Each structure stands twice: as structure tokens, then as C-alpha cells.
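Protein chains: 2
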Amino acid sequence: MLVSLPALAGGNVADGQSKSASCAACHGAKGQAVNSIYPKLAGQNADYLALSLHAYKKGERSGGQAGVMQAFSSSLSDQDISDLSAYYASLAPLK
Amino acid sequence: MLVSLPALAGGNVADGQSKSASCAACHGAKGQAVNSIYPKLAGQNADYLALSLHAYKKGERSGGQAGVMQAFSSSLSDQDISDLSAYYASLAPLK
Numbered sequence: 003m004l005v006s007l008p009a010l011a012g013g014n015v016a017d018g019q020s021k022s023a024s025c026a027a028c029h030g031a032k033g034q035a036v037n038s039i040y041p042k043l044a045g046q047n048a049d050y051l052a053l054s055l056h057a058y059k060k061g062e063r064s065g066g067q068a069g070v071m072q073a074f075s076s077s078l079s080d081q082d083i084s085d086l087s088a089y090y091a092s093l094a095p096l097k
Numbered sequence: 003m004l005v006s007l008p009a010l011a012g013g014n015v016a017d018g019q020s021k022s023a024s025c026a027a028c029h030g031a032k033g034q035a036v037n038s039i040y041p042k043l044a045g046q047n048a049d050y051l052a053l054s055l056h057a058y059k060k061g062e063r064s065g066g067q068a069g070v071m072q073a074f075s076s077s078l079s080d081q082d083i084s085d086l087s088a089y090y091a092s093l094a095p096l097k
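Chains W and D, in that order, are what the protein sequence lines are.
Using my numbering, the letters of the first sequence correspond one by one to residues 3 to 97.
Using my numbering, the letters of the second sequence correspond one by one to residues 3 to 97.
Okay, structure coming up:
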């Protein structure tokens, strides 16, 4: 059965999920980061997620894991960022 | 009745709550930011919250609302950061 998934902040949840494999290594399979130095993404506001990814891509964040995030985000298009943000915002924020 | 609250990442939840008034203006009364350009903080990993506040304080984040966060975090001690991080991590991550 095909289901039309909701879009958030111009993003497509299903497309975001398909693009999220690299993210899951640190942020968890469902956006529930186990290592507490990484943020949980599940249920986070989509607009904030998109702003953060754009900030990493533009090199506006440094220190800590920012270099890793800049490397990952450098290859993301605006649509990729919208899709990933919609996907993580759509997940249940379980602890 | 006095209750001993748990400490997370060296922080004290009750002390963090008492220091959180300024944060609530944008991040919500219980860490549930209503305006989606701001991140929800409720239930976020305490270590990540602390790392983020230290990064803002050190000027390692720019663009967007980073200037506002740098201003707020500039007056926070290491203990303040630990307490605030413990407090927000302790809150239920309701959507």
C-alpha cells in the first residue's frame, strides 16, 4: 500500500528517511542518539533542524563535532536538508 | 517535603530550573519551543546541551540566532551551564 506522507517545512518525510543513513551513525536509528554528546533529533522542530544544517554547511559552527557536521552537510542540497528535517521532526521523541 | 533531585552531567536539576527564566522566553516554559525556528530542549541529551552552551559562549557559532545565544551564555558559569543542561534533559520530551 502506498501512503502519502506529510511534508514539513517543504520537506518530504519519506525522502528524508531514505537520505538519513549517514545521520543514524551518530544520531541513532530513529533520531535517538545514545551517546549523549550528540543531540537527539526525533521530534525536534523542522525549521530549527534545517537552520542548523544550513549553518553547518556554511561553516557557521566550529569546535566539538562541528567539523564532522560541516563535512556531512557540504554535500546536501537545500531539498536534502528540507527532507531530512521533515523526517526527524516527524519521529516520536521517545527518551 | 524536600526531595533530592538527580544531577545530570554534574548539574543540579532544581538549580537549573531556577536559572531558566531567560531561556523560557524562546525555548518555552518546559523546553517546548513553540516557534519552530528555536530548538526544543526538553529531553535533549544533557552533555549535548552543555557542549552547545559552551560553544555559544566561546563564539563558535554564528549566524541565525547565535548572536542572541552568545549574549545569553556569556554570563553563564560552568556550573550554570551544567545546571541548565541537567534541568532541560530531565524534562519530558512532549511534542
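Quick reminder that beta carbons are idealized off the backbone N, C-alpha and C, glycines included.
Given the structure is predicted, the values throughout are model-derived calculations rather than measurements.
On a Cα-Cα basis, can you pick out the residue from 85(W), 43(W), 13(W) and 55(W) that is closest to residue 26(W)?
43(W)
Can the beta-carbon of residue 15(D) be found less than 8 Å from the beta-carbon of residue 94(D)?
no
Classify residue 1(D) as helix, strand or coil using the three-state DSSP reduction.
No answer is possible for residue 1(D): it lies beyond the span of chain D, which begins at 3 and ends at 97.
Does the beta-carbon of residue 39(W) have 16 or more other beta-carbons within 10 angstroms, so that it is buried, or is it exposed?
exposed
Excluding the 5 residues preceding and the 5 following residue 61(D) in the sequence, name in chain order all residues of the same chain whose CB lies nearer than 8 Å to its CB.
72
For residue 23(D), count neighbouring C-beta atoms within 10 Å of its own C-beta (all shown protein chains included) and say buried if the count is 16 or more, exposed if not.
exposed
Please decide whether residue 89(W) counts as near chain D, where near means a Cβ-Cβ distance under 8 Å.
no
Uninterrupted alpha helix (DSSP H) stretches inside the stretch 21-72 of chain W (no shorter than 4 residues)
23-29 and 48-59
When you check each C-beta in the stretch 33-47 of chain W against every C-beta of chain D, which residues fall closer than 7 Å?
35, 38, 39, 40, 41, 42, 45, 46 and 47
If I measure Cβ to Cβ from residue 58(D) and keep anything under 7 Å in the same chain, skipping five residues before and after, which residues do I get?
68, 71, 72 and 75
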